[in-house]
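Novice:
Numbering (the UniProt record's numbering), first residue to last: 1 to 129.
#1: Where residue 122 and residue 85 are concerned, what is the direct C-alpha to C-alpha distance, given to the nearest angstrom?
#2: Identify which residue in 8, 35, 116 has its Cα closest to the Cα of residue 92.
#3: For residue 19, report the span of its alpha helix (DSSP H) as first-last.
#4: Sorted by chain position, which residues of the same chain lie with C-beta nearer than 8 Å to residue 71's C-beta, five sequence neighbours on each side aside?
#5: Between residue 83 and residue 104, how many whole angstroms is the CB-CB distance? I'm expecting something under 8 Å.
#6: If I'm right that residue 49 touches residue 25 with Cβ under 8 Å, what's the distance once you round it to whole angstroms?
#7: Cβ atoms of residue 128 and residue 79: under 8 Å apart, would you say?
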């Protein structure tokens with residue numbers, strides 16, 4: 001009880017976000033769950049993530065993680081090796097790896113993680129045990 005049921009995130013370009021999140025979430029074991037014209041979701045266990053196309057009238061103010069609201073999404077990795085493998089894949093896809101000068105210890109000397117951004121610049125974190 002008390003675990004997250006789902007998270008719904010509005011995106012500026014559903015096609016682009018679905019490609020990104022579909023790739024990343026499948027790497028973590030998520031599977032496609034729902035699909036409709038304005039949205040997609042992926043599920044792992046009982047929890048799912050939903051991405052919905054924002055309406056045109058709401059696209060004039062871009063997302064910024066320093067404003068009130070969501071700062072980032074952090075996911076468990078199964079190992080440091082998985083963090084390393086996904087770091088290579090993220091870079092090969094031309095995605096922005098954050099805190100490169102401190103990677104993979106940007107969270108501290110005992111915190112092994114990858115920080116990067118989705119197409120809307122939402123910060124994504126993958127943390128090794």
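Heads up, the beta-carbon is just placed ideally off N, CA and C, and yes, glycines get one too. Small disclaimer: the values here were computed from a predicted structure and weren't measured.
Specialist: Taking the geometry as given:
#1: Going by the C-alpha atoms only, they are around 21 Å apart.
#2: The candidate whose alpha carbon is nearest that of residue 92 is 116.
#3: Residues 14–27.
#4: Cβ within range, chain order: 65, 123.
#5: That belief holds up - the Cβ atoms of residue 83 and residue 104 are roughly 6 Å apart, short of 8 Å.
#6: With 8 Å as the limit, residue 49 and residue 25 qualify as a contact, their Cβ atoms being about 7 Å apart.
#7: Going by beta carbons, residue 79 and residue 128 fall inside the 8 Å limit.
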